[in-house]
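Chemist: Attaching a single structure in structure tokens format; questions to follow.
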Amino acid sequence: MVKVDPVVGKYIHLTVQGIEYRVFYEESGQGIPMICMHSGGGDGMEWRALLNDPEIISKYHLIAPNLPYHGKSLPPESVEWWKQEYRLTRNFFIEFNLALSQALGLERPVYIGCYVGGHMALDLALEYPDDFRAVIAVGVAQRRGPATLDTFYHPSVSNHYRMVNGMYFSAPTNPQEYRREVSWCSMQCAAPTTKGDLYYYFVDHDLSGKTQLIDTMSCAVYMLTGDYDPTTTVEASLELAAQIKGSKFTEMKGMSHAGMAENPPVFKKYLMPILNEIAEKSKSN
Amino acid sequence: MAVCFIDPKNAVEFKDILNADKEFKIAARYMTKDVCIEAGDTKCIVKFRDGVVTQIKSENAFADPWDFAIRGSIDSWEKFLQPIPPRFYDGIFGGMLRGNFRMEGDTVAALSHLWAVTRMLDIFREQQNK
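Sequence order for the protein chains is A and B. Everything in the first sequence is counted per the numbering used here, starting at 103 for the first residue and increasing by one. Everything in the second sequence is counted per the numbering used here, starting at 24 for the first residue and increasing by one.
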């Protein structure tokens, strides 16, 4: 018998900051809409396990986009993109998510994101709590601080660098096949994207002095961080969670930087209580 | 616990094990660099020529040149070499982010050859726990 995934890929044209982008996304399931945002230099394939999980897609309508310039979301035709360095800004990222949600007619979707996507989850909760019923931020801190990004897009540094980062940003306890998949996915995107995305991650994302403004009564905030993650430590996430009244933090044991891909069954164990809680709240609202 | 890759008795055997490893052979292709691995006050220099390890030198290596170095304390390497290393000691890059290891010298070359280096260190861990 031929095995076919329940996942469907589509293209949608979105205008963000006056520029039209042809955006690829995958979707599956039905029920509460949930945008699944990938990490820096990644794309929607990171979420393949969730998009194929029968229990999750029986209750949730998952949408996993590729940001412009990532994966099948090619650079826009109207921009001479080769004359400028790719850089993801906070404002663009926010407006992209709002445009996607609006164009797909999503009704107060849940937003789950990993790292670059996870940081965006909290920026959306801060700025647009009426547009999202809940956010789930994987691996987040208040701010990242300065970092040297040049080696992420350097003519003398091979793609192996990104591959190895993918491999070793997954915990050593996790199955080899998943860790290798994370490393393979880390090599997929065009070379400039990792550095460009990390501009948002390291520089443009900064919740300093704003955390108390996040209204978790309007938009529920959940956080998940792996104990092995060297980029966002459990301690950094706990510190952030303590500042956001009403937020809920869970430490993921034996997980690192890419939970949903490095060990999907374990990630699901941590995610399901959150999804069930959101589903219950959605029933009563 | 001794740090296995510093021990000169292991040098020839480890060189042969590295060169026979299927993943390492792919990861190290085209690599011609001298890599210094330092554990506390001790070190070895792994010499790569056209993707092959030609020598692991830990005796009388004090004046040997190298292209890049990975440095950590004895304690850091002992944690790294455990079968399941504790958090922030499981990978060189993550370990550097948390201050447990340092990379020095031609870091651009080091990052470009990071797959070969990390596979080499994983093989050392396998040997440490044989």
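Using N, Cα and C, we set each Cβ at its ideal position, and we do this for glycine too.
#1: Closest by CA to T335(A), which one among V240(A), G311(A) and D308(A)?
#2: Taking C-beta pairs closer than 7 Å, name the residues in chain B that V240(A) reaches, listed in chain order.
#3: State the Cα-Cα distance for the pair M136(A) and L144(B), rounded to the nearest angstrom.
#4: Need the endpoints of the alpha helix (DSSP H) that I346(A) sits in, please.
#5: Decide if D306(A) is buried, meaning its Cβ has at least 16 other Cβ atoms within 10 Å, or exposed.
#6: For F124(B), which residues in the same chain have their Cβ closer than 7 Å to its Cβ, ignoring the five residues on either side in sequence?
#7: Give the residues of chain B in contact with N267(A), contact being defined as C-beta atoms less than 7 Å apart.
#8: For a contact defined as C-beta to C-beta under 7 Å, what are the partners of L104(B) on chain A?
#9: To the nearest whole angstrom, what separates the beta carbons of E145(A) and C321(A), a pair I think is in contact under 8 Å?
#10: Would DSSP call V69(B) helix, strand or coil?
#11: If the cut is a Cβ gap below 7 Å, which residues of chain B does Y263(A) touch?
#12: Give a yes or no on whether 8 Å exceeds the smallest Cβ distance from D232(A) to chain B.
#13: Cα-Cα, which of Y303(A), A338(A), M325(A) and A363(A) is closest to R189(A)?
#14: Within the same chain, show all residues whose beta-carbon is closer than 6 Å to that of G348(A), passing over the 5 residues directly before and after it, in chain order.
#15: Quick check: what's the CA-CA separation for E101(B) versus I146(B)?
#16: Name the chain A residues whose beta carbon is nearer than 7 Å to that of V131(B)?
#17: Per DSSP, what are the beta-bridge partners of C291(A) in this structure?
#18: Pick helix, strand or coil for H140(A), following the three-state DSSP scheme.
#19: Once you ignore the five residues that flank E127(B) on each side, which residues in its own chain have a CB closer than 6 Å to its CB?
#20: Do you know how far the Cα of T327(A) is from the Cα of G122(B)?
#21: Measuring only the C-alpha atoms, how far is I79(B) from I316(A)?
#22: How about T327(A): is its C-beta nearer than 8 Å to some C-beta of chain B?
#23: What three-state label does DSSP hand E337(A) in the structure shown?
#24: Pull the bridge partners of L116(A) from the DSSP assignment, please.
Modeler: Once the coordinates are examined:
#1: Counting from one through the first sequence, the residue named residue 335(A) turns up at place 233. Closest in C-alpha terms to T335(A), from the list V240(A), G311(A) and D308(A), comes V240(A).
#2: Here residue 240(A) refers to the residue found at position 138 when the first sequence is read from its first residue. The premise fails here: V240(A) is roughly 17 Å from chain B at the closest Cβ pair, so nothing lies under 7 Å.
#3: Translated into the one-based positions of the first sequence, residue 136(A) becomes position 34. Translated into the one-based positions of the second sequence, residue 144(B) becomes position 121. Roughly 40 Å separates the two Cα atoms.
#4: Here residue 346(A) corresponds to residue number 244 of the first sequence, with the count starting at 1. Unbroken run through I346(A): none, as it is neither H nor E.
#5: Taking the first residue of the first sequence as position 1, residue 306(A) is located at position 204. Within a 10 Å sphere around the beta-carbon of D306(A) sit 16 or more other beta-carbons, which makes this residue buried.
#6: Working through the second sequence from its first residue, we reach residue 124(B) at position 101. Closer than 7 Å at Cβ, skipping near neighbours: I93, R94, G95, S99, I115 and G118.
#7: In the first sequence, the residue the question calls residue 267(A) occupies position 165. Taking the beta carbon of N267(A) as reference, the chain B residues within 7 Å of it are F116, listed in sequence order.
#8: By 1-based counting over the second sequence, the position of residue 104(B) is 81. Residues of chain A with a Cβ closer than 7 Å to the Cβ of L104(B) do not exist, since the nearest Cβ in that chain sits about 12 Å away.
#9: Numbered from 1 along the first sequence, position 43 holds the residue referred to as residue 145(A). Numbered from 1 along the first sequence, position 219 holds the residue referred to as residue 321(A). Here residue 145(A) is Asp; the residue named in the question, Glu, does not match the sequence. Between D145(A) and C321(A), the beta carbon gap of about 26 Å keeps them out of contact (Cβ cut-off 8 Å).
#10: Against the second sequence, residue 69(B) aligns to sequence position 46. In this structure, DSSP gives V69(B) an extended state, which the three-state scheme calls strand.
#11: Walking along the first sequence from the start, residue 263(A) turns up at place 161. In chain order: L134, S135 and L137.
#12: As a position in the first sequence, residue 232(A) is number 130, starting the count at 1. Not one chain B Cβ lies under 8 Å of D232(A).
#13: The sequence position of residue 189(A) within the first sequence is 87, counting from 1. Of the candidates Y303(A), A338(A), M325(A) and A363(A), the one whose C-alpha sits nearest the C-alpha of R189(A) is Y303(A).
#14: Residue numbering aside, residue 348(A) sits at position 246 when the first sequence is read from its first letter. In the same chain as G348(A), and ignoring 5 residues on each side of it, the C-beta atoms closer than 6 Å to its own belong to T318, in chain order.
#15: Here residue 101(B) refers to the residue found at position 78 when the second sequence is read from its first residue. Here residue 146(B) refers to the residue found at position 123 when the second sequence is read from its first residue. Looking at the backbone, the Cα of E101(B) and that of I146(B) are separated by about 14 Å.
#16: Stepping through the second sequence from its first residue, residue 131(B) is reached at position 108. Correct list: T253, H256, S258 and V259.
#17: In the first sequence, counting from the first residue as 1, residue 291(A) sits at position 189. Answer is none; C291(A) lacks a bridge partner.
#18: In the first sequence, residue 140(A) corresponds to position 38, counting from 1. DSSP places H140(A) outside both helix and strand once states are collapsed to three, so it counts as coil.
#19: Within the second sequence, the letter at position 104 stands for residue 127(B). Sequence-distant partners of E127(B) (beyond 5 residues in either direction) whose C-beta falls short of 6 Å from its own C-beta, in its chain, are A92.
#20: Taking the second sequence and counting its residues from 1, the one referred to as residue 122(B) is at position 99. Taking the first sequence and counting its residues from 1, the one referred to as residue 327(A) is at position 225. About 20 Å.
#21: Translated into the one-based positions of the second sequence, residue 79(B) becomes position 56. Translated into the one-based positions of the first sequence, residue 316(A) becomes position 214. The alpha-carbon atoms of I79(B) and I316(A) are separated by roughly 56 Å.
#22: Position 225 of the first sequence, counted from the first residue, corresponds to residue 327(A). Judged by the 8 Å Cβ criterion, T327(A) is not in contact with chain B.
#23: Taking the first sequence and counting its residues from 1, the one referred to as residue 337(A) is at position 235. DSSP, reduced to helix, strand and coil, places E337(A) within a helical segment of the structure shown.
#24: To locate residue 116(A), count along the first sequence from 1; it is residue 14. Paired residues: Y123(A).
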